[in-house]
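Student:
In the numbering used here, the protein residues as written are 18 to 513.
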């Protein structure tokens, strides 16, 4: 075997393999960790993310008339917070798989090819001949070796080592850590589910409010037209002294209220449109003049649960309830890990080594053994750590109860708000029936004087306002029902 070139040194450390793996996986990362970042490019990147990922023009919509299902699907597809929650779940799953692999025995390999400028140490260990190098034999075609061997190394060396090592203590720790990571992945899944539920809540609330406002717009315009007409006729009657000032003042106040109602509806349309557009990833700047139109039918919401049953439904469906349970289980796993640390660390190993040194007679050897490690200081330190883990387990148990109380409070408040909205919807329906009846009575009179004609027009305008209130109450009750469904955790469930 020819000798390596002088000055040549080569190693295969684990760091090199790690670097290659990291370099191959950089395609999954958005940033290059080897490039120094500065504040200005970072701000530029924020603007880029805002303009190109968060929002887009209304032209990205494939159709202008959107149903509730269209809005939900687009929001769930484009929402960045939900996408970040999905990536977090994927990361936790990868960490879980990583700790699963740590339970297996460790296999390591290392090798070395080097050239030394001088002998490492004296070769011969024979009494009276210390320091003498091995004597090479006479070189012939059949014999090209040494006639005596020693424990030293030649200057040119190549060695390789293959080792298998397994520690039951570390495997048990990795096992409980993998269980904890498995629960962390479950918590990330429930967190993602809660993000989707909140998103659907906002989408449905804005959808029903905007849908009701769209239907109210034409009625509000007609109401203002009627109020202006009544106001002009009251002006004429007042000039001819056929009307008293109180009726004129009342008509003027109603006209101002109708004008304000129309302006308020227009403002609320833009407000709810902006909320809905933002959830769907569309820039609100592109929705000032429309951008899209909602289609659907407003129906009175029906809650399938009684008020006394809402708390149990929430505890069975809200992701926070499951997250609290997983936190409590993780605290138990943490406590068990601290108990394992009390035990002595036993490590069994098998090692194979080969040294190509031509001066060595035996170039291959195996090494099998058991390594026992026990640190008294770590033992006492682990006692305190175990005590802290037990305290945290008790804390997690209390926090689970606190989460249950908080969920019950939230869903009860949402339920009361919903039933109040239903009562308001019922009242608006009764008011609409009353105004319709009054308008029918006034308009069916055979002969009507000018004042009676005004009364009929005012009754018609009152009917328009009652219809507007009815439609707005219908939209608001559906929006509040969407909030109740989110509080119950039943508005969105991920399909497997």
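A virtual CB, placed ideally from N, CA and C, is assigned to each residue, including glycine.
Bear in mind that the values here come from a model prediction, so they are computed numbers and not experimental data.
I'd like to know if the stretch 220-230 and the stretch 490-500 are in contact, where contact means that at least 3 CB-CB pairs between them fall below 8 angstroms.
Tutor: Because the criterion of three Cβ pairs below 8 angstroms is met, the stretch 220-230 and the stretch 490-500 touch.
Student: With a CB to CB cut of under 8 angstroms and the five nearest residues on each side skipped, what residues in its chain are close to residue 98?
Tutor: 212 and 216.
Student: Quick check: the Cα distance between residue 326 and residue 419, rounded to an integer number of angstroms?
Tutor: Roughly 19 angstroms separates the two Cα atoms.
Student: Hey, would you say residue 244 sits closer than 8 angstroms to residue 272, going by beta carbons?
Tutor: Cβ distance < 8 angstroms, so residue 244 and residue 272 count as in contact.
Student: Would you kindly work out how many angstroms separate the C-alpha atoms of residue 369 and residue 408, rounded to a whole number?
Tutor: Their backbone Cα atoms lie some 46 angstroms apart in a straight line.
Student: As a quick exercise: from 374, 337 and 220, pick the residue whose alpha carbon is nearest that of residue 428.
Tutor: It is 337 whose Cα lies nearest to the Cα of residue 428.
Student: Can you give me the start and stop residues for the beta strand (DSSP E) that residue 381 sits inside?
Tutor: From DSSP, the beta strand (DSSP E) with residue 381 extends over 381-390.
Student: Please state whether DSSP places residue 216 in a helix, a strand or coil.
Tutor: Looking at residue 216 - three-state DSSP - the assignment turns out to be helix.
Student: Note down the Cα distance separating residue 115 from residue 188, rounded to an integer number of angstroms.
Tutor: In a straight line, the C-alpha of residue 115 is about 13 angstroms away from that of residue 188.
Student: Could you tell me which of 87, 459, 470 and 443 sits nearest to residue 484, measuring between CA atoms?
Tutor: Checked all of 87, 459, 470 and 443; the closest Cα to residue 484 is 443.
Student: Contact between the stretch 177-194 and the stretch 115-131 is defined here as three or more beta-carbon pairs at a separation below 8 angstroms; is this criterion met?
Tutor: Taking 8 angstroms as the limit for Cβ pairs, the verdict is that the stretch 115-131 does touch the stretch 177-194.
Student: From residue 439 to residue 351, what does the alpha carbon distance come to, in whole angstroms?
Tutor: For residue 439 and residue 351, the distance between alpha carbons rounds to 48 angstroms.
Student: Hey, residue 297 and residue 92: beta-carbon distance below 8 angstroms or not?
Tutor: Yes, Cβ-Cβ distance for residue 297 and residue 92 is below 8 angstroms.
Student: Helix, strand or coil for residue 322? Go by DSSP, reduced to three states.
Tutor: If DSSP states are grouped into helix, strand and coil, residue 322 belongs with coil.
Student: Please report the Cβ distance between residue 366 and residue 129, rounded to the nearest whole angstrom; I am assuming they are in contact, meaning their Cβ atoms lie under 8 angstroms.
Tutor: So it is not a contact: roughly 20 angstroms between Cβ atoms.
Student: State yes or no: is the C-beta of residue 94 within less than 8 angstroms of the C-beta of residue 309?
Tutor: In this structure, residue 309 does not lie closer than 8 angstroms to residue 94 by Cβ.
Student: For residue 397 and residue 363, I'd like the C-alpha separation in whole angstroms.
Tutor: One C-alpha to the other measures close to 19 angstroms.
Student: Classify residue 293: buried if its beta carbon has 16 or more other beta carbons within 10 angstroms, exposed otherwise.
Tutor: Its Cβ being crowded by 16 or more others within 10 Å, residue 293 is buried.
Student: Specify whether the stretch 193-208 and the stretch 338-347 touch according to this definition: at least 3 beta carbon pairs, one from each stretch, less than 8 angstroms apart.
Tutor: Result yes; three or more Cβ-Cβ pairs closer than 8 angstroms.
Student: Quick check: what's the CA-CA separation for residue 354 versus residue 411?
Tutor: Going from the Cα of residue 354 to the Cα of residue 411 covers about 16 angstroms.
Student: Roughly how many angstroms separate the alpha carbons of residue 48 and residue 192, rounded to a whole number?
Tutor: Its pLDDT being 48, under 50, residue 48 is placed unreliably in this model, and the coordinates cannot settle the point.
Student: On the premise that residue 251 lies in contact with residue 235, defined as a C-beta separation below 8 angstroms, what is that separation, rounded to the nearest angstrom?
Tutor: Not a contact, Cβ separation roughly 25 angstroms.
Student: Are the Cβ atoms of residue 518 and residue 481 separated by less than 8 angstroms?
Tutor: No statement about residue 518 is possible, as the shown extent of the chain runs from 18 to 513 and does not include it.
Student: Look at the alpha carbon of residue 477 and the alpha carbon of residue 278, and state the distance between them as a whole number of angstroms.
Tutor: Those two C-alpha atoms are separated by around 16 angstroms.
Student: Within 10 angstroms of the Cβ of residue 56, are there 16 or more other Cβ atoms? Answer buried if so, exposed if not.
Tutor: Because residue 56 carries a pLDDT of 48, less than 50, the predicted location of this residue cannot be relied on, and no value is offered for it.
Student: Run the CB neighbour count on residue 454, radius 10 Å, all protein chains shown included, and call it buried at 16 or more, exposed below.
Tutor: Exposed, by the Cβ-count rule.
Student: Return the CA-CA distance between residue 288 and residue 206, expressed in angstroms with no decimal places.
Tutor: So the alpha carbons of these two residues sit roughly 32 angstroms apart.
Student: Got a sec, what are the start and stop residues for the beta strand (DSSP E) residue 184 sits in?
Tutor: It is not in any beta strand (DSSP E) - residue 184 carries neither H nor E in the DSSP assignment.
Student: Could you tell me the alpha carbon to alpha carbon distance between residue 371 and residue 386, rounded to whole angstroms?
Tutor: Going from the Cα of residue 371 to the Cα of residue 386 covers about 18 angstroms.
Student: Looking at C-alpha atoms only, which residue of 230, 86 and 441 is the closest neighbour of residue 281?
Tutor: Of 230, 86 and 441, the residue nearest in Cα terms is 230.
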